[in-house]
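See below for the structure under consideration.
Number of protein chains: 2
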Amino acid sequence: MSKLRVNCFAISLDGYGAGPGQDLENPLGVGGIALHEWFFPTRTFQAMFGKGDGTTGIDDDFAARGFENIGAAIMGRNMFGPVRGPWPDETWKGWWGDNPPYHVPVFVLTQHARAPVAMAGGTTFHFVTDGIQAALARAREAAAGKDIRLSGGVATIRQYLQAGLVDEMHIAISPVLLGTGEHLLSGIDLPKLGYQRADHVPSANATHIVLKRNR
Amino acid sequence: MSKLRVNCFAISLDGYGAGPGQDLENPLGVGGIALHEWFFPTRTFQAMFGKGDGTTGIDDDFAARGFENIGAAIMGRNMFGPVRGPWPDETWKGWWGDNPPYHVPVFVLTQHARAPVAMAGGTTFHFVTDGIQAALARAREAAAGKDIRLSGGVATIRQYLQAGLVDEMHIAISPVLLGTGEHLLSGIDLPKLGYQRADHVPSANATHIVLKRNR
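Below is the structure:
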């Protein structure tokens, strides 16, 4: 069966996956951008945004792995954008421009229905209003045997973890302090939920951890 | 002025500095011993307990640094032992045998007065009943210009951090999940308290972080 995977999810030394106060200027919350400094220089990131050659090595290996064998993605509504409440119109189409870096069907969890939005490059945003299990079922069907990437944000990953639905999770611990924001693991007992540490690969820029769930 | 330092304080990937259920069999709480697996093989640890040569390198450099220029130590009562409430007698003298690895005056925070206990090798345990500021003042006097090591446990470090009294803190993030126990940083906004990350050195066994406070 295809896996539900988290990849390249960065947290701070004090455990935050996003800073506080997300808005149009701070898509990752105040200070949140620093979590991803290990990722930006990689060849994988640079290839996606066409700016240069980029670095290879540990960080890029993990970055690249996040895009392998992915047939669909799931994200929370706050990761899709800063709009809250009912959609005022069809204007907002994500943070990523006309050609988002997903290239697969993306299922956005929301309480407010909206027609699908087809973007360039194979990404279509589907809006799912009937919960995380329904989104996973639709993503699994769309993925047609490939894996599903659970993109974020923090609240969404926490819901899937607590339901025991995440099969594999790569976390990058970045050497930054946030002090406040959205905590990824607070109050979540991962061993009790069946998760074990499967891999631990430090680089100069982040500590990469892979957790797997016993089925 | 001499610094108040935390050194070699190990936390899990999910941020716990000790497991749950500390008792005579589990001085670091259930599962807590795994936090220190980076430390045990080092030359510094092996020299202290006389069992072999030990490893050198990043982990040992951090281990050794924890003992440099230390003139006194402070610890919480639960780090000193599993006894709770009033001291039933003078029997308990710490976990460390006749010659504890401190070799300096050690100030133990407790609500229950007790006469000092002089051990072999220069360690004397003093019991301080009038709070963290008083313990720090006494330790500073005893240290005579050298630094003071804040040994632990979690609750004690949290109190000193929240009071802004820790000058420097080395944390070793170990590649283990605990899931529950005593969380070191939960609810503590380190940047707001003036702390910044000063160093980040990953090894195969732990991610070493040094935090410093702006004076």
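From first to last, the protein sequence lines stand for chains D and L.
Okay, so the first sequence: first residue is 9 according to this note's numbering, each after it adds one.
Okay, so the second sequence: first residue is 9 according to this note's numbering, each after it adds one.
Where is the CB? At the ideal position from N, CA and C, for every residue including glycine.
Kindly identify the DSSP beta-bridge partner or partners of residue i.
i: Val136/D; result: Leu117/D
i: Asp207/D; result: Val218/D
i: Phe17/D; result: Ile179/D
i: Thr63/L; result: Thr50/L
i: Val125/D; result: Phe133/D
DSSP on residue i, reduced to helix/strand/coil?
i: Met9/D; result: coil
i: Thr50/L; result: strand
i: Asp97/D; result: coil
i: Thr164/L; result: helix
i: Ile41/D; result: helix
i: Leu192/L; result: coil
i: Gly25/L; result: strand
i: Asp155/L; result: strand
i: Ala72/D; result: helix
i: Ala150/L; result: helix
i: Ala80/D; result: strand
i: Leu36/D; result: coil
i: Gln170/L; result: helix
i: Ala212/D; result: coil
i: Asn235/L; result: Within the shown structure, residues of chain L are numbered from 9 to 223, placing residue 235/L beyond reach of any answer.
i: Leu144/L; result: helix
i: Arg225/L; result: This structure cannot speak to residue 225/L, because chain L is shown only from 9 to 223.
Out of curiosity, what's the CA-to-CA distance linking residue i and residue j?
i: Arg92/L; j: Asp31/L; result: 10 Å
i: Thr52/D; j: Pro183/D; result: 21 Å
i: Asp61/L; j: Ala55/L; result: 7 Å
i: Met83/D; j: Ala212/D; result: 29 Å
i: Pro109/D; j: Leu117/D; result: 18 Å
i: Glu176/D; j: Phe48/D; result: 23 Å
i: Ala171/L; j: Gly139/L; result: 12 Å
i: Ala152/D; j: Val136/D; result: 18 Å
i: Ile156/D; j: Ile78/D; result: 6 Å
i: Ile165/L; j: Arg221/L; result: 14 Å
i: Val8/L; j: Pro28/L; result: No statement about residue 8/L is possible, as the shown extent of chain L runs from 9 to 223 and does not include it.
i: Lys154/L; j: Ala126/L; result: 21 Å
i: His44/L; j: Val14/D; result: 28 Å
i: His191/L; j: Ala128/D; result: 45 Å
i: Asp197/L; j: Tyr24/D; result: 11 Å
i: Phe115/D; j: Leu173/L; result: 48 Å
i: Ala150/L; j: Ala143/L; result: 10 Å
i: Ser159/L; j: Gly160/D; result: 37 Å
i: Phe57/L; j: Met9/L; result: 32 Å
i: Thr63/L; j: Thr64/D; result: 30 Å
i: Ile217/L; j: Ile217/D; result: 16 Å
On a Cα-Cα basis, can you pick out the residue from the options that is closest to residue i?
i: Ala42/L; options: Ala55/L, Pro28/L, Ser20/L; result: Ser20/L
i: Trp46/L; options: Ala71/L, Ala26/L, Gly29/L, Gly27/L; result: Ala71/L
i: Ala81/D; options: Lys220/D, Trp95/D, Gly23/D, Ala145/D; result: Ala145/D
i: Asp68/L; options: Thr215/L, Arg221/L, Asn222/L; result: Thr215/L
i: Ile66/L; options: Glu33/L, Ala180/L, Asp97/L; result: Ala180/L
i: Lys11/L; options: Ala147/L, Ala128/L, His44/L, Glu33/L; result: Ala147/L
i: Gln141/D; options: Thr50/D, Tyr168/D, Thr99/D; result: Tyr168/D
i: Arg85/L; options: Ile217/L, His208/L, Trp100/L; result: Trp100/L
i: Phe17/D; options: Pro113/D, Phe75/D, Thr64/D, Phe57/D; result: Phe75/D
i: Thr188/D; options: Pro210/D, Glu98/D, Ala26/D; result: Ala26/D
i: His134/L; options: Lys59/L, Glu98/L, Asp155/L; result: Glu98/L
i: Leu219/D; options: Thr50/D, Thr164/D, Ile78/D, His178/D; result: His178/D
i: Gly195/L; options: Arg166/D, Asp22/D, Ile196/D; result: Asp22/D
i: Thr132/D; options: Pro113/D, Ala143/D, Ala150/D, Glu149/D; result: Pro113/D
i: Ala206/D; options: Gly29/L, Leu185/L, Met87/L, His191/L; result: Leu185/L
i: Asn34/D; options: Thr50/D, Gly89/D, Arg73/D; result: Gly89/D
i: Ala162/L; options: Ala150/L, Leu193/L, Lys59/L; result: In the sequence as displayed, the identity of residue 162/L is Val instead of Ala. Selected option, being the one with the closest Cα: Leu193/L.
i: Arg73/L; options: Ala150/L, Ala143/L, Gly130/L, Thr50/L; result: Thr50/L
i: His111/L; options: Met9/L, Thr64/L, Thr63/L, Gly130/L; result: Gly130/L
Quick check on residue i - is its C-beta less than 8 Å from some C-beta in chain B?
i: Asp22/D; result: Absent from the structure: chain B. Protein chains present are D and L.
Less than 7 Å between the CB of residue i and some heavy atom of the ligand NAD, yes or no?
i: Ala121/L; result: As presented, the structure is devoid of all ligands, the ligand NAD included, so that no description of it is given.
Practice problem: May I ask you to verify whether the stretch 105–122 of chain D touches the stretch 200–208 of chain D, counting CB pairs closer than 8 Å and requiring at least 3? | Solution: no
Quiz item: Just checking, does the stretch 100–107 of chain D make contact with the stretch 37–46 of chain L on the three C-beta pairs under 8 Å criterion?
Solution: no
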